[in-house]
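Data first, discussion second: the structure below is written as structure tokens.
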Amino acid sequence: MRLNELKPAQGSRPGAKRVGRGPGSGSGKTAGRGMKGQKSRSGGYHKIGFEGGQMPLQRRLPKRGFRSLVRRRVAEVRLHELQQVEAGDIDLTALKTAGIVRHDAIRAKVIASGSIERAVVLRGIGVTRGAKEAIEQAGGKVEA
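Quick note on my numbering: the sequence shown kicks off at 5 and runs consecutively.
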């Protein structure tokens, strides 16, 4: 038996009902759509959120917040990635040359993910509380 030979159990998947095929079929003529109206026509249905001309909910509610463009330019650096940088003093340019952060990053922040074994000095890079403890435990230090 192969995957392409698998078939559903007999009677578990009934065939699609064919509508609009004459009065003898039980669902001829209007094909279960009722009489007149927008929903009985072909292609006739309202778009999502349309409330019959009433101002829709998504337009009645106030706008809120915005998407910051700066947010994409703040890079996130993990602890184990700091070990890839050969320089002892690590700043934003050192991270860029090592290829850890994007060249258009304006800020970087180290998060406590992974571990660090060697001592490094961070300059001008943000750190979380857990990351700072791990760096200082490894013999490094964080400078503002």
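Virtual Cβ for every residue (Gly too), placed ideally from N, Cα, C. Nothing here was measured: the structure is a model prediction, and the numbers come from that model.
Short of 8 Å in beta carbon distance, which residues of its chain neighbour A142, apart from the five on each side in sequence? Order them along the chain.
Excluding positions up to five away in sequence, the list reads I120, E121, R122, A123, V124.
If you compare alpha carbons, which of R45, S46, Q62, S44 is closest to I52?
Of the listed residues, the one whose Cα sits closest to I52 is Q62.
Less than 8 Å between the C-beta atoms of R111 and V78, yes or no?
Yes, Cβ-Cβ distance for R111 and V78 is below 8 Å.
To the nearest angstrom, report how far apart E80 and I115 are at their CA atoms.
Roughly 7 Å between the two C-alpha positions.
A83 and S117: beta carbons closer than 8 Å?
Note on identity: in this sequence residue 83 is Leu, with Ala being the wrong assignment. In this structure, S117 lies closer than 8 Å to L83 by Cβ.
What residue does the beta strand (DSSP E) around L126 start on, and which one ends it?
It spans 125 to 127 - the beta strand (DSSP E) in which L126 sits, taken as one unbroken run.
Where does the unbroken alpha helix (DSSP H) through R133 begin, and where does it stop?
Residues 133 to 141.
Rounded to a whole number of angstroms, what is the C-alpha to C-alpha distance between Q58 and R37?
The straight-line gap from Cα to Cα measures roughly 25 Å.
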